[in-house]
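One structure is given below, encoded as C-alpha cells.
Number of protein chains: 2
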Amino acid sequence: MTVTEDVGAQPVRVNLLFNGRPVRVPSGVTLFDAASWNGIAIDSTCGGHGTCKKCRIRIVPNSDDPPAPTSLDIRAYTAAEIKDGWRLACRTIATRDVAVEVPPLTTRPKAATVGVGRQVILRPAVQKRYLELAEPSLADQASDAERVLAQLEDLEPRTELAVLKTLGRTLREADYKVTAVVVDDVLIAVEPGDTTGRRFGIAFDLGTTTVVATLLDLSTGTPVAVESMLNKQQPFGADVITRISATMMDPGALDKLQQLAQETLAELARAVCAHGGVQPDEVYEVAVAGNATMTHLVLGIDPEPLGMAPFIMSTRLFPEVLAADVGLAGAVHPRSRAVVFPAFGAYVGGDITAGLLASGMDRDARVRLFVDIGTNCEIVLGNREWLLATAAPAGPAFEGAAIKCGMRAADGAIEVVTMTPGELSLKVIGDAEPQGLCGSGLVDAVTGLVRLGLLDASGRFIPEEEAAARAPGLAGRLTRIGQERVFVLHWRGPEKSAPEDSIYLSQRDVRELQFAKAAIATGWQILLEEAGLTAADVKQVLLAGSFGSYLSAASAIRIGLVPKIPVPRVVAAGNVAGEGAKMALLSLRERAGGLALLEEVRYVELSDRADFNDRFVEQLPFPGG
Amino acid sequence: MTVTEDVGAQPVRVNLLFNGRPVRVPSGVTLFDAASWNGIAIDSTCGGHGTCKKCRIRIVPNSDDPPAPTSLDIRAYTAAEIKDGWRLACRTIATRDVAVEVPPLTTRPKAATVGVGRQVILRPAVQKRYLELAEPSLADQASDAERVLAQLEDLEPRTELAVLKTLGRTLREADYKVTAVVVDDVLIAVEPGDTTGRRFGIAFDLGTTTVVATLLDLSTGTPVAVESMLNKQQPFGADVITRISATMMDPGALDKLQQLAQETLAELARAVCAHGGVQPDEVYEVAVAGNATMTHLVLGIDPEPLGMAPFIMSTRLFPEVLAADVGLAGAVHPRSRAVVFPAFGAYVGGDITAGLLASGMDRDARVRLFVDIGTNCEIVLGNREWLLATAAPAGPAFEGAAIKCGMRAADGAIEVVTMTPGELSLKVIGDAEPQGLCGSGLVDAVTGLVRLGLLDASGRFIPEEEAAARAPGLAGRLTRIGQERVFVLHWRGPEKSAPEDSIYLSQRDVRELQFAKAAIATGWQILLEEAGLTAADVKQVLLAGSFGSYLSAASAIRIGLVPKIPVPRVVAAGNVAGEGAKMALLSLRERAGGLALLEEVRYVELSDRADFNDRFVEQLPFPGG
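Residue numbers (our numbering), protein chains in the order written: chain U, 6 to 630; chain Y, 6 to 630.
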C-alpha cells in the first residue's frame, strides 16, 4: 500500500506559480492548501484556519485579474498592501492561473504536511525536558519525584509507579542530569543524560486486509520509515464478519485473533524501527486507526455484538490504553501510550474518524462526500457545519472476491482497463503477466462496456452480433462459458485460450458490481436526502483507502458509484486512516479535533429503513448518458 | 496485636448520661465525640464539624448549670428551644456532669466509630449501583459502555479496558440487569444481577514486624474479620535499615523483599476473606498504611536513598496503585484499587499519616503530642492550626533487642513489673512462664527501680548494701554477673538460679533505655521549642502502636519518655495506622483529609541540628521527683 499524499492525481484547471515553481491544482482550493499539498511551506500558526493571519503571500503584479481581497485580507493589510497584491494564502481561492510570491518563513513553530494537504503545527503529546536537578541535602529533603516534578510544573504530569521504582537510582547514577519524558499528562520515563533529540511515534493503519506502520520523528514531523504487511488474521477470513463469526463459534478464537493482530503490529513496529535506525525505547507513543471490529479484536474486546443487529459496539471511546495493550510491550518503550481512534458506529469505525480528521471534513466550508470503498463502505457527507455518516453493505466485489477472475490489488492484477470500439488495453500492477482483475479494473471494464453500449443500462450484455457491430475491434471477446455470457479481457498464452482459461468478466460479475455500487449509491443518496441536498450540491468527492487510489474517477462517475460531478472534483485521498493516525501523533490539537468529530457526526443507520430496498433497486441500473 | 478503640482506659472527670446510659469521658471533649466514642449514634451528615446542624440533643431540664449555647446553637435553634436545653452535640463541650437526651435517628447516612473515637460518616470510594438497562435496537445503537455510563452520570466514572473486554457478553447474558462497581472515579466492574449488598475492603497495617489486616463491610462500616501475622521479610533483619542494606548488597534482594511483603498481604487477605465468608472478588479496594521503607519495598521502589543521609524518598505521594501492584492479584478483585498512605519524610511514613488521621490530630483544638515508639520513633506535636513532625532514632531497646533478656511482646514476655520495697510482681503475656522482658516491662522495671531509689537519677545502680536497706523485700536481686551489675526480675526454676540463668536487667540495659528515651525526649523537646511551648502546654499524649498499648502511662512519665502531665492525659491510642487505613476505606472525605495532612505538617529534621547531641545528653538522666 502506498501512502498517497498527492491529491493531484487528476490535476487540472488551475496553473499556479509559487516563487517561480509551477504547480497544477484542482480549481477551488485555497492557495495555502495548494502550496502545502505541493510541499511549499507558508508561515502559519493556525494551520490554515484564518485565525493567525501569518500566511502572507503576494500575487505578482503582472497577474491579470488577481483574486479579490476577502474581509480578512482587509483587516490584515493596509489598502496599499492589498493593491500591491498582498493576500492571506488560507483565504485566497485558486480559481484561475496565478503567480504567487511566498516570503521566507519567519515563524518558529514547526509544521508538517499530513493528511489530505493538512498543514499540521507540531505539538506532539510526547514531550521531553532536559533537567539539571539540585542534589538533595538535609536542608532540602524533597523526594526524588518532587524534585523532577517541580521542573515540570507547567506540564503538571501524573507519575507512574513504574517510573518511581527506579527513579532514585537513575537520578543518582546520572548525577541528577536527566531527561523527563512526558506523554500528554503522564511522566512515563526519566532517562539519564540529555536525550531530548530523540522522540518517535508509530502511526498504524490497522486494516482488515493490510496493516501499515509509519515511524515518525516527533521533533520534525518527518516520516522516518514506512512498512506494510497483510494482517495476520487473514486465515480467519477476508472480512470482519467472518472474523466475528469465528469468535462466536470457537471460545479460543478471540484470544487467537487478538494475538495475531498484535503480532502484526509488533512485527511492523520492529521493522520500521530497524529501518529507521531507532531504538524501540525511543518510541513513546503509537496511534492506531482501525475499523470497529479490528479495534475491538486488537484490544481483546468481545466483538460479538458488532456482528449482528442491532450492531452494538462495546464502546465508542477508549479509555487510557498503553502500547502494551495492543501487543507492543517489547517493540516500543515499555510505558509507551496508545491513541486508539474512536468509532462513530459498529460500521463507521476509528479508521473513518481518522480519515475525516486527515481530510479536514469538519473544517471545510464546501459540502464534500467522503467514500471509503470496501466490503463495508463508509460514507460521510457534510461540511464544517454538519456531518452525516452511514455504512453501506457493498459486499466483497471491490476486493475481487465473488468475482470469477477477481483478485486483490496485488502484482498481476489488472488495475486499469481502457476500451475503444477498436481496441482494449490493460494496465497490470507490477507490469506482470495478468493474473486477475482487481476492483478498479472491474469498475473500468464495466464502465468501458457500458460506454461502448456492450452492456445496456440494466447491466445485461447485448446480443453478440450487435456487439460485433458496435465494437468491431473487440469481436470475439463477448462470448459464453456454458450458459453464462462473459467478456474476455485477456487470453492467456500466445494462442487465444478457451474462454474458461482466460481472464474474463461474467454476467454475474457485472451483477455483483451493480449490487455493490447500488448499495453505495443508495447510501449517499439517503444522506443527501437527509441533508436536503442533491448530487449537484456536492463540491468534492474524496475516495479514501487504497481502492480509491486505484479507481478512475471517470469510471466511478460513469457507473454511478459517486454522484455525477465534474471529474476533477473526484479526488483520491489515499490512506487517510494512516494519515489521521500520524496527525494524532504530531498534534494534540488535531487529536482533540478527531475526538470532537464524535459529537459532530450524526450516524444514519440504513438497515432499519423501510425504503432501503426500493432505493437499492432504483440504483441498480447504470446512469444514462 | 489488639485493635484498641477505647480511649476511655483512663476515663475520668465527667459523668454523662445519654438517654439514661451513664458514660465517663475526659473533660473537654464534645458531647458528639463522647457519644460516638461510646457507640451512641447521633444524627449527623457532616461528621461533627458544625456544618450540618443535625446533631440535635437536649440537656435534660434538671441538669444544674447547663452548657452555655454557642453562636451556632443560636443560629440553629429558637430562643425557646435553647431555653428548653436544645444544643448541637458537636459544639457542646463536656466540662461537667450532665444528662442528655438524644432524639431517635432520623437521617439516613450511616456512620462508624473508627480510629481514636472518630465518628466517620460512611462514604466509601467503593460504590455499587444496580442498573436495569434498555436493550439496544436499531433505533438506539448507543454502545454498551454508553448505556452503562448514562446511568452513572452523577459519578462520571472513567472506564477500564479490562471491563470493556467482557462488557458485551455480561450485559447480554444478564439480560441487561447488572450492578456497576465504581471505585472513586473508575468503573472497575460490571457484574450480572444485583450484587449491591456485597462490597468489602481490606485495611492493612504493614508494619516492619507485624502486619494486620482488617476486612471491612463497606456498607455498614463493620469489621468482618481481623488477622495478623509476622512480616515475612523478618529473615532479612528486624528493622528497616537492615532491609534497606540488603537491597544495597544484593541486587536480587529488592525483588525478594517485595515478594515477601506481597505474600504477607496476600496470605492475610485470603485469611480474612475465609474467616469473613467473603469472596475475593467482593473486595474492591484495599488501604495500606506502612512506614516509608515498607511502602517502598511492597511497591518494588528502590529504597536505597532512604537508608543514608540525606534520607530521600522516591516519592511522598503515590500515583494510582492497584491492589495487584501490592501483590493481591489473586487475593481480591482483579481490578481492586489500593490506597497507599503518603509519607511526610523518610522516617515519618504513611503509618504516621494514617495514625494522625485516625487520632484526629489535625482537627482538635488542644495541643497534643503523638508518639509512636519503636526503633524509629515518630513524634508529632500540634493541633488543628499547626503540626510539627520529627523522627528520633530510639534504637531497638523498646523492641527488646539490644537488651540482654529482651524479647518482643509475645507469649512469655514480662509486660508489667510492679515493685514496692517489700515485693516485686510480674505480669506475663499469655500467663506463661516468663521468657524475657519486652519494652513495656523494661520501662516498668526501670521506673520501679528509679522510684524506689535503687537506680539513681544518672541511671546507675546504687551500692548493694544501700539497696538492701531501701527495699528489703528485694534483697538479693541486685547482684553481679562478672563485672556487670544486674537486677534479677525472675529466677527460673523452683530454686533460685544463678543470676546469669535468670531474667534480669543489666546496667547496660538501663543505659540502652536511657539512650532510647533521651532520643525521644530530645525529639519532642525540640518540637516544643519550635512551637514556642513547654511540656505544660501539652493537653494530651497519644501513645501509638502496639508498644504504646502495653506501656504504663505512669512509667512513661516517670522516666521522662513523655512530658510530665497528669497521668490520665497519656492515652494508649492503639493501632492507629490500621485505624487510619480503615477510615480511608470508609470515607473519601477522611481519605482526602489524610492527604491534606501532607500540606499541614512541617517536618523537622533532627540529624542536621548542631544542638542535638547536647540536648540528648541533657535528657539522659531520669527526671527528679
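All C-beta atoms in this analysis are idealised placements derived from N, C-alpha and C, irrespective of residue type, glycine included.
Contact check, Gln267 (chain Y) vs Val331 (chain Y), beta carbons under 9 angstroms: Taking 9 angstroms as the Cβ cut-off, Gln267 (chain Y) and Val331 (chain Y) qualify as a contacting pair.
Positions along the stretch 325 to 337 of chain U whose CB lies within less than 7 angstroms of some CB in chain Y: Only Val326 and Asp330 from the stretch 325 to 337 of chain U bring a Cβ to less than 7 angstroms from some Cβ of chain Y.
Length of the line joining the Cα atoms of Thr9 (chain Y) and Asp377 (chain Y): Unreliable positioning characterises Thr9 (chain Y) in this predicted model, as indicated by a pLDDT of 34, which lies under 50. The coordinate reading is nonetheless provided below. Whole-angstrom Cα-Cα distance: 14 angstroms.
Per-residue contacts from Ser148 (chain U) into chain Y (C-beta, under 7 angstroms): Simply Ile317, Met318, Ser319, Thr320 and Arg321.
Partners in chain U for Arg174 (chain Y), counting only beta-carbon separations shorter than 8 angstroms: Result: Asp307 and Glu309.
Proximal residues of chain U, C-beta to C-beta of Pro5 (chain Y) below 7 angstroms: In this structure chain Y extends from 6 to 630, so residue 5 (chain Y) is not present and cannot be described.
Local Cβ density within 10 Å of Leu362 (chain Y), reported as buried at 16 or more and exposed below that: Classification for Leu362 (chain Y): buried.
Sub-9 angstroms separation of Val451 (chain Y) and Phe627 (chain Y) beta-carbons: Closer than 9 angstroms, so yes.
Within 9 angstroms, strictly: CB atoms of Lys133 (chain U) and Val372 (chain U): Result no, Cβ atoms of Lys133 (chain U) and Val372 (chain U) do not sit closer than 9 angstroms.
Those residues which DSSP pairs with Asp222 (chain Y) across a bridge: According to DSSP, which records beta bridges pairwise, Asp222 (chain Y) is partnered with Y:Phe205 and Y:Thr227.
Neighbour-count burial assignment, Gly202 (chain U), 16 or more Cβ in a 10 Å radius: Taking all protein chains in view, the Cβ of Gly202 (chain U) is surrounded by fewer than 16 other Cβ atoms within 10 Å, so the residue is classified as exposed.
Cβ contact (3+ pairs, closer than 8 angstroms) linking the stretch 449 to 468 of chain U and the stretch 483 to 492 of chain U: Cβ pair count under 8 angstroms is three or more, so yes.
9 angstroms Cβ cut-off: residues of chain Y touching Thr164 (chain U): Residues of chain Y passing the Cβ test: Thr320, Leu322, Phe323 and Pro324.
Beta-carbon proximity of Val645 (chain Y) to Lys409 (chain Y), cut-off 9 angstroms: The first residue shown for chain Y is 6 and the last is 630, placing residue 645 (chain Y) beyond what the model contains.
Helix, strand or coil at Ser148 (chain U) [DSSP, three-state]: Correct three-state label for Ser148 (chain U): coil.
As assigned by DSSP and simplified to three states, the class of Met318 (chain Y): The DSSP-derived three-state label of Met318 (chain Y) is coil.
Within-9 angstroms CB hit, Val12 (chain Y) to chain U: Because the pLDDT of Val12 (chain Y) is 36, which lies under 50, any placement of that residue in the model is unreliable, and the number read from its coordinates should be weighed accordingly. Val12 (chain Y) does not count as touching chain U.
Span separating the alpha-carbon of Gly206 (chain U) from that of Thr358 (chain U): Between Gly206 (chain U) and Thr358 (chain U), the alpha-carbon positions lie close to 19 angstroms from each other.
Helix, strand or coil at Val567 (chain U) [DSSP, three-state]: In the structure shown, Val567 (chain U) sits in coil (DSSP, three-state: anything other than H, G, I, E or B).
The stretch 575 to 587 of chain U in contact with the stretch 436 to 452 of chain U per 3-pair CB rule at 8 angstroms: Result no; under three Cβ-Cβ pairs closer than 8 angstroms.
Asn381 (chain U) - DSSP class collapsed to helix/strand/coil: In the structure shown, Asn381 (chain U) sits in a strand (DSSP, three-state: E or B).
Per-residue contacts from Asp613 (chain Y) into chain U (C-beta, under 9 angstroms): Those within 9 angstroms of Asp613 (chain Y) in chain U are Ser142, Leu143 and Ala144.
Complete alpha helix (DSSP H) runs within the stretch 162 to 212 of chain U (minimum length 4 residues, chain order): Entirely contained in the stretch 162 to 212 of chain U, the alpha helix (DSSP H) runs reaching 4 residues are, in chain order, 166 to 178.
Beta strand (DSSP E) runs contained entirely in the stretch 273 to 312 of chain U, provided each spans 3 or more residues: For the stretch 273 to 312 of chain U, whole beta strand (DSSP E) runs of length 3 or above, ordered along the chain, are 288 to 295.
Pairwise C-alpha distance: Val546 (chain Y) and Val576 (chain Y): Distance between the alpha carbons of Val576 (chain Y) and Val546 (chain Y): 6 angstroms.
Same chain only: Cβ atoms within 7 angstroms of Ala343 (chain U), ignoring 5 sequence neighbours per side: The beta carbon of Ala343 (chain U) lies closer than 7 angstroms to those of Val291, Val293, Val326, Leu327, Ala328, Asp330 and Val331 in the same chain, with the five residues before and after it left out.
Cβ-Cβ separation, Ala274 (chain Y) to Ala218 (chain Y) (assumed contact under 8 angstroms), whole Å: Confirmed, Cβ separation roughly 6 angstroms.
Rounded C-alpha distance that separates Val345 (chain Y) from Leu166 (chain U): Cα to Cα, the separation comes out at about 12 angstroms.
Val515 (chain Y) in three-state terms, based on DSSP: Three-state DSSP puts Val515 (chain Y) in a helix.
Member of U:Asp78, U:Leu127 and U:Arg101 whose CA lies at the smallest distance from the CA of Arg596 (chain U): Of the listed residues, the one whose Cα sits closest to Arg596 (chain U) is U:Leu127.
Interfacial residues, the stretch 165 to 199 of chain Y to chain U, with Cβ spacing under 8 angstroms: Hits within the stretch, in order: Glu165, Leu166, Leu169, Lys170, Thr171, Leu172, Gly173, Arg174 and Arg177.
The stretch 347 to 360 of chain Y: positions lying closer than 8 angstroms to chain U by Cβ: From the stretch 347 to 360 of chain Y, only Gly350 and Ala351 have a Cβ closer than 8 angstroms to chain U.
Under the three-state DSSP convention, the category Tyr555 (chain Y) falls into: Collapsing the DSSP output to three states places Tyr555 (chain Y) in a helix.
Val337 (chain Y) (DSSP reduced to helix, strand or coil): DSSP, reduced to helix, strand and coil, places Val337 (chain Y) outside both helices and strands of the structure shown, so it counts as coil.
Contacting residues, own chain, Cβ-Cβ under 6 angstroms from Pro401 (chain Y) (five flanking each side not counted): For Pro401 (chain Y), where only same-chain residues beyond five positions count, the Cβ hits under 6 angstroms are Thr380 and Ala407.
Helix, strand or coil at Ser445 (chain Y) [DSSP, three-state]: DSSP places Ser445 (chain Y) in helix when its eight states are reduced to three.
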